[in-house]
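Residue 227 in our numbering is what sits at position 227 of the sequence shown, and the numbering runs on without skipping anything. Just so you know, even glycine gets a beta-carbon here, dropped at the ideal spot from N, CA and C. None of these values were measured; they are calculated from a predicted model. The structure under discussion appears below in the form of structure tokens.
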Amino acid sequence: MEDHLRAANEDIAGSLELPICSELISMFQEDRTEELESAFVLLSKTRNGLAHAKDSIAELAQRDWAEVLDVPDGPRDENEDQTWQLSYCIERLSRVIGDREQTFMLTDFSSMYATYLEGLSTALRRMPRKGLPIWKCAVLYAHNILSRKESDSRNQLHTWERVLQVLPNKDLFLVDYRRKLMERGLRERAEIVIEKLALDLLMNTLRSSQVVAMYSMVDDLDKSESMTRSWHEQNQSSSLCSMKILSSQNWMLDRQGCEAPGLMGTLASGMLTYLNSELLKRELTFLPKCSSVTVKARLGSSFDVVGNALQASILLLFNERTQVPEKTAAAKLGCSREELRALTQRLPMIGHQRNRLVLDADYQSEDGVVECLCADDFFDDQEDTAVCTESLGETMCFRDQSVQAAVMRVMKSWIHLGSEELEAEVVLQLQNWFVPDPRMIKDATAKLEKRDLLQYDQKRNIYTYVNC
Numbered sequence: 001m002e003d004h005l006r007a008a009n010e011d012i013a014g015s016l017e018l019p020i021c022s023e024l025i026s027m028f029q030e031d032r033t034e035e036l037e038s039a040f041v042l043l044s045k046t047r048n049g050l051a052h053a054k055d056s057i058a059e060l061a062q063r064d065w066a067e068v069l070d071v072p073d074g075p076r077d078e079n080e081d082q083t084w085q086l087s088y089c090i091e092r093l094s095r096v097i098g099d100r101e102q103t104f105m106l107t108d109f110s111s112m113y114a115t116y117l118e119g120l121s122t123a124l125r126r127m128p129r130k131g132l133p134i135w136k137c138a139v140l141y142a143h144n145i146l147s148r149k150e151s152d153s154r155n156q157l158h159t160w161e162r163v164l165q166v167l168p169n170k171d172l173f174l175v176d177y178r179r180k181l182m183e184r185g186l187r188e189r190a191e192i193v194i195e196k197l198a199l200d201l202l203m204n205t206l207r208s209s210q211v212v213a214m215y216s217m218v219d220d221l222d223k224s225e226s227m228t229r230s231w232h233e234q235n236q237s238s239s240l241c242s243m244k245i246l247s248s249q250n251w252m253l254d255r256q257g258c259e260a261p262g263l264m265g266t267l268a269s270g271m272l273t274y275l276n277s278e279l280l281k282r283e284l285t286f287l288p289k290c291s292s293v294t295v296k297a298r299l300g301s302s303f304d305v306v307g308n309a310l311q312a313s314i315l316l317l318f319n320e321r322t323q324v325p326e327k328t329a330a331a332k333l334g335c336s337r338e339e340l341r342a343l344t345q346r347l348p349m350i351g352h353q354r355n356r357l358v359l360d361a362d363y364q365s366e367d368g369v370v371e372c373l374c375a376d377d378f379f380d381d382q383e384d385t386a387v388c389t390e391s392l393g394e395t396m397c398f399r400d401q402s403v404q405a406a407v408m409r410v411m412k413s414w415i416h417l418g419s420e421e422l423e424a425e426v427v428l429q430l431q432n433w434f435v436p437d438p439r440m441i442k443d444a445t446a447k448l449e450k451r452d453l454l455q456y457d458q459k460r461n462i463y464t465y466v467n468c
């Protein structure tokens, strides 16, 4: 009898699944929290109840975003109108997220909140905002907030923090935001205060396993080194240190050690932490106007090693030892053992013995400099000239092919896509290796257009995949 009653109750509850799920959205919109809690309890007792509930929550997120996009008329002045609409969009999105979070927390099914955030992030991707994309709105909003007093900024940044968790293009946001942050910090000579405030929030919010390494223009080399050292001293406890400021040029450096003006690269956080933790113990300086890194390694006699970041970090492994297992070194550097061996071939003071790296502490350099890469000027001002060394040339060629392949993968999935959305999707495809510069993506799409694999509608700013 009990089995029959249990089966009957399950049948009754199952028949109510869809009607209850159809009411979930209105329950949220009308803040009927008690009814929501009862509905979730009932749905959890049926076979497919929670699955249907997740579909309804995803639809709720989509509706919420559509309402955020429905911006009323703002001021008549064009510039003021743009600022007003950007602020309105971010603040309204933040308010919606906060309201939904509170409602979910009042039920015993707060785990559903993650489903809502995922649905909202998907909605942001599928229904892009007209005009500036939402990640760029977030950049400008944060930039405007930081122009106020520091105490006011901290309060207002909580609004921005909510939005940050659902942004579909965090890498683009991070690069653009840090660029604006440093521009403002240098212009107002606010230096560390503004940077520290925002970086703390970024690191706590993004929790990214990789960090975009951002380098900004500083005219005075002494000031550059002073700011770098000051920032580093304040952030020694951080697990995600990534700032090194250059003189004369804007540079981005990736884990392959390849540099170019405007080229956005990523470094594994472990390597960045290791390099930055050694920054004050050894002199680590990025040379302006050349694709190289100089490490003054105090091993026996002092000499300069000019190479890329991985080669620099290999030497730093020998801070207090003369031998390191290849497996350990590769793990610390975030590269393969084959990659490690290729890199050490250009380091004559490092030898190999039975799968171990061995340092020749008595190594003598004739002129005090070991050239691992050519230290000539590869670029004139902001001109994007081809890299003239063999190793870096191969890297750049492979990068170009990788970007083209990523563009094709994205376009096969979407068929039609706006230029900014395509850029964001390509970045997501490649972010675990490097973040391509917008110019690289534009060049890749141009080459694919010439091969009749893509079509570009200039009036609508939309790319179309050509199915040959």
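Contact check between the segment 84-104 and the segment 125-138: three or more CB pairs, one atom from each, fall below 8 Å, which counts as touching.
When DSSP states are grouped into helix, strand and coil, T107 belongs to the coil group.
It is roughly 10 Å from the alpha-carbon of L343 to the alpha-carbon of R337. Shortest Cα-Cα distance from T33 to any of A446, S56, L357 and D99 involves D99.
In this structure, M127 and A58 do not form a Cβ contact; the two beta carbons are roughly 13 Å apart against a cut-off of 8 Å. When beta bridges are read from the DSSP output, V324 appears opposite L357.
Going by DSSP, G131 is part of no beta strand (DSSP E) at all; its letter is neither H nor E. Of A331, Q345 and V324, the smallest CA-CA separation from L359 is found for V324. For E425, same chain residues with a beta-carbon under 6 Å away, outside a window of 5 residues either side, are V410 in chain order. The Cβ atoms of Q404 and K450 do not sit closer than 8 Å to each other. Rounded to the nearest angstrom, the gap between the Cα atoms of L340 and D437 is 26 Å. Per DSSP, D457 is not a residue of any alpha helix (DSSP H); the beta strand (DSSP E) it occupies stretches across L454 to D457. Of the candidates K412, K130, L453 and L117, L117 places its Cα closest to the Cα of D64.
When rounded, the separation of the alpha-carbon atoms in E421 and L124 is 11 Å. In this structure, the CA atom of K54 is about 10 Å from the CA atom of L60. Per DSSP, the continuous alpha helix (DSSP H) segment holding I441 begins and ends at P438 to K450. In terms of Cβ geometry, L428 and S402 do not form a close pair [threshold 8 Å]. Proximity to D400 across K442, G418, L417 and W414 peaks at K442, based on C-alpha coordinates. Per DSSP, I462 is one residue of the beta strand (DSSP E) stretching across I462 to Y465.
The three-state reading of DSSP puts I20 in helix, counting H, G and I together. Around the beta carbon of S22, a 10 Å sphere encloses fewer than 16 other beta carbons of the protein chains shown; the residue is thus reported as exposed. Counting along the chain, L417 sits inside the beta strand (DSSP E) bounded by residues H416 to G418. Between the alpha carbons of M112 and L453 lies a distance of about 42 Å. Using a 10 angstroms sphere on the CB of I415, the tally of other CB atoms stays under 16, which defines it as exposed.
Taking the Cα positions, T103 is about 23 Å away from D70.
Using a Cβ distance threshold of 8 Å, L50 and A39 do not count as a contacting pair.
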